[in-house]
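Heads up, the thing below is written out as structure tokens.
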Amino acid sequence: MKTAPELQHIVEQIAQKHGLDLDRPGAYLRLQLEGHGQLVIENLGAGALGARISVTNYIEVGSDYVADPQVVVCSAYRTEDASEGTQPVWLPLEFTELFGGWRLYAELDQTNDGLLLHDPVGQSELAQYSDRVLARNLIRHGWLERAERRNTPVRSWTQEEICARDIRVETLPEHHLDKENSQRKEGDYGNHEAAA
Numbered sequence: 001m002k003t004a005p006e007l008q009h010i011v012e013q014i015a016q017k018h019g020l021d022l023d024r025p026g027a028y029l030r031l032q033l034e035g036h037g038q039l040v041i042e043n044l045g046a047g048a049l050g051a052r053i054s055v056t057n058y059i060e061v062g063s064d065y066v067a068d069p070q071v072v073v074c075s076a077y078r079t080e081d082a083s084e085g086t087q088p089v090w091l092p093l094e095f096t097e098l099f100g101g102w103r104l105y106a107e108l109d110q111t112n113d114g115l116l117l118h119d120p121v122g123q124s125e126l127a128q129y130s131d132r133v134l135a136r137n138l139i140r141h142g143w144l145e146r147a148e149r150r151n152t153p154v155r156s157w158t159q160e161e162i163c164a165r166d167i168r169v170e171t172l173p174e175h176h177l178d179k180e181n182s183q184r185k186e187g188d189y190g191n192h193e194a195a196a
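Numbering follows the UniProt record's numbering, in which position 23 of the sequence shown is assigned residue number 23; successive positions increment by one, without gaps.
Pasting the structure below:
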């Protein structure tokens, strides 16, 4: 699997500047940079192989913040060259962008303490993107030097705010969910409308 050393280097520098221990599960840092939105660096938890680190640039679209892009990496030690004093490498696993959606290229295999590689070409391209685009943009925009720490995350909207903005949220009555679950238990996974 391909690594992202440039992304790792700049993100570790940013984390160190703001006193964030990236090895601690749940570690969280939110930064604001005028004209470039917010940057969130977060340890999503550790497995036997290593921690999952999320690096997300939130941009403002209208009055909302949208993740564009988000890269999740595994901070892992390579078994073939692991020795005392060896530093972990960052292996990009998944990617989210505004128009391209979410893509998973590899994931932690909790049963075998390894990584499952689903798309070798995509994972390699994600590693290149992480270094050539994302890391360089973090440097060029000045996230290390000029970003200001924000302690409060972007708050979630209330149901009333969602309704006031006329965003359609479909909620199903409880009896509908009970009927759907009972049909699944009976093995009926087909098109329910066609059977009616």
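All C-beta atoms in this analysis are idealised placements derived from N, C-alpha and C, irrespective of residue type, glycine included.
In this text, all values refer to a predicted model and were calculated from it rather than measured experimentally.
Asked: Run through the stretch 84-129 for me and flag every whole beta strand (DSSP E) of 3 or more residues, listed as ranges in chain order.; Found: 89-97, 101-104, 106-109 and 114-117
Asked: Using 10 angstroms around the beta-carbon of residue 99, count the other beta-carbons present and answer buried if the total reaches 16, otherwise exposed.; Found: exposed
Asked: Using CA atoms only, rank isn't needed, just tell me which of 38, 30, 2 and 51 is closest to residue 22.; Found: 51
Asked: Where does residue 106 land, buried or exposed, given buried means 16+ other C-beta within 10 angstroms?; Found: buried
Asked: Around the Cβ of residue 121, are there at least 16 other Cβ atoms within 10 angstroms (buried) or fewer (exposed)?; Found: exposed
Asked: What are the start and end residues of the beta strand (DSSP E) that includes residue 34?; Found: No beta strand (DSSP E) contains residue 34, which DSSP labels as neither H nor E.
Asked: Could you name the residues of the same chain whose beta carbon sits closer than 6 angstroms to that of residue 173, not counting the 5 residues immediately before and after it, in chain order?; Found: Residue confidence for residue 173 is low, a pLDDT of 47 falling below 50, so the modelled location carries little weight and cannot support an answer.
Asked: In or out: residue 72 buried (at least 16 other Cβ within 10 Å) or exposed?; Found: buried
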